[in-house]
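Below is one structure, written out as structure tokens, with a few remarks after it.
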Amino acid sequence: VSIPMQGVLSATLLYEILLGKATLYAVLVSALVLMAMVRRGPG
């Protein structure tokens, strides 16, 4: 079974894009949470 190189390439590209977006969202969410925590802060 030979998998066409183009298919592998596009799948890898898609995976990297999704992974990048997931990382970006994770960073954004953690930044928002951090800001909220700091804003509430000690009283």
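In short: position in the sequence shown from 1, add 7, done, that's our numbering. By construction, the Cβ of each residue, glycine as well, lies at the ideal position given by its N, Cα and C atoms.
- Rounded to whole angstroms, Leu39 and Val15 show a C-alpha spacing of 36 Å.
- In this structure, DSSP gives Ser9 a state outside helix and strand, which the three-state scheme calls coil.
- Per the coordinates, the alpha-carbon of Lys28 lies some 33 Å from the alpha-carbon of Pro49.
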